[in-house]
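Take 0 as the starting number for the sequence shown in numbering that gives the first Met the number 0 and just add one per residue. Ideal Cβ positions, reconstructed from N, Cα and C, are used throughout, including at glycine. Structure record follows, encoded as structure tokens.
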Amino acid sequence: MTKQLSKNQWEEIKQLFKEQNITDVGISKANDVDDLVKSHFLEYLSNNYNGEMKYLERNINKRFSPQLLLPGTQSVITFILPYYQNLPLEWTDKISIYVTKNDYHAVAKKIGTPIVDFLQKIDPEFHPRVYVDSAPVIDKYWAWKAGLGFIGENTLLINDNYGSYVFIANIFFSMKPPKDCAESPQSDKCGNCTKCVDACPTNALLHNKKLNASKCISYLTIEKKSNDIDLKSKKSINYIYGCDICQNVCPYNSNIPQTSIDDFIFSENEKKLLKNWAITGKDYPENLLKYSVLKKKFQ
Ligand code: B12
Ligand code: SF4
Ligand code: SF4
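Right under this line is the structure:
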């Protein structure tokens, strides 16, 4: 028999998130992803826009279907983690602000734990999983499906409250969404704007929400293993880890609050250490960054 969450249970789940400063949460039926997104994904691979990210070519059917990835899944609970914070310009000139004090993968799993515990009590036979950037799941699709934002020309999810500076995490669960609570996807809000496409220094953005990732600075500085490009020699590109250009120019990011997730926030003193290293290249704050996504990158 198909099980369904009650509205009260859903309210309790949202409350558990709220207690951890997570306000934007949604739920969707765990059906296969829409055909449009499937075809975008396959076209992206056939154009080799994934470069050396061969993992995107594996487990395609699981990526398109939560029920194949985790059998028994009936719903996808999606939450977003706002991460914007004011950091020294010398630092953000080189390092994307998505480098938060603690790695978002760990932070999202920590936030998801009380919810997983709650869900396990409702259905002890199923082990819900928290996925964040970690499995063949199209994270942005589920956030869009759950009504947490629209997909911008820069290919990112843009949320009404926090802009695009948000991480996305999904919990796969065995019960269907409560009646009338599932899915209210937003329509496109870019209108005639093309600021991100125009600003991208490598022409990686291709219009129609498509990205040639193999040309993206974020890919070149984080993912690419072979070293046939020397970004530092290109004057126009200061970034050495990630890139925020197509987000910085987006009007939807112009007036957003700083994150209230404590695990992400650098103190004023810690910001001074980041600034010092960015200016001098000396005294890499190894201890401070040991739980961040940077880890040992620049020791
Ligand atoms: C591989 C990857 C990268 C690669 C390639 C990115 C890419 N766009 O393909 C590289 C290294 C370049 C990268 C860079 C960044 N990434 Co990244 N990345 C991923 C990862 C692991 C997979 C993305 C993927 O499937 N790409 C494949 C292609 C085909 O997908 P796509 O271009 O995103 O296109 C899809 C959508 O646009 C969608 N789509 C297209 N049109 C429409 C229309 C509608 C209506 C809908 C619903 C969907 C839709 O369908 C397409 C096919 O699936 C996800 C985590 C995950 N598991 O999902 C994080 C993820 C997308 N990255 C994230 C972040 C934060 C970044 C950076 C901002 C980091 C940085 N500062 O450097 C940059 C942003 C660059 C950019 N403009 O996209 C976040 C994005 C959060 C958000 N607000 O959207 C994610 C979701 C991680 C997370 N869980 O939080 N990333
Ligand atoms: S992250 Fe940078 S290089 Fe990549 S699409 Fe955006 S502006 Fe272009
Ligand atoms: S900069 Fe303009 S086109 Fe690009 S995502 Fe933002 S609103 Fe959309």
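- In the structure shown, the three-state DSSP call for threonine 77 is strand.
- Contact between cysteine 189 and cysteine 245 does not hold, since their C-beta atoms are separated by about 12 Å, which reaches or exceeds 8 Å.
- When secondary structure is reduced to three states using DSSP, glycine 162 falls in the strand class.
- Taking the Cβ atoms as the reference, valine 136 lies roughly 21 Å from glycine 241, outside the contact range of under 8 Å.
- In terms of CA proximity to asparagine 211, Gly50 leads the group Ile114, Gly50, Thr258 and Asp179.
- Annotated as proximal: lysine 28 and serine 74, with beta-carbon spacing under 8 Å.
- If you draw a straight line from the Cα of histidine 39 to the Cα of alanine 145, it comes to about 19 Å.
- According to the DSSP assignment, lysine 28 belongs to no alpha helix (DSSP H) but to the beta strand (DSSP E) extending over 24-28.
- Checking the DSSP bridge columns, you'll see valine 129 partnered with Ile170.
- In the displayed model, tyrosine 283 falls within coil according to three-state DSSP, outside both helix and strand.
- Boundaries of the alpha helix (DSSP H) around serine 38: 34-45.
- Contact check for leucine 156 against tryptophan 143 passes: the beta carbons are separated by less than 8 Å.
- Nearest to serine 5 by C-alpha distance, out of Ser253, Ile21, Lys17 and Ile26, is Ile26.
- For phenylalanine 265, the three-state secondary structure derived from DSSP is coil.
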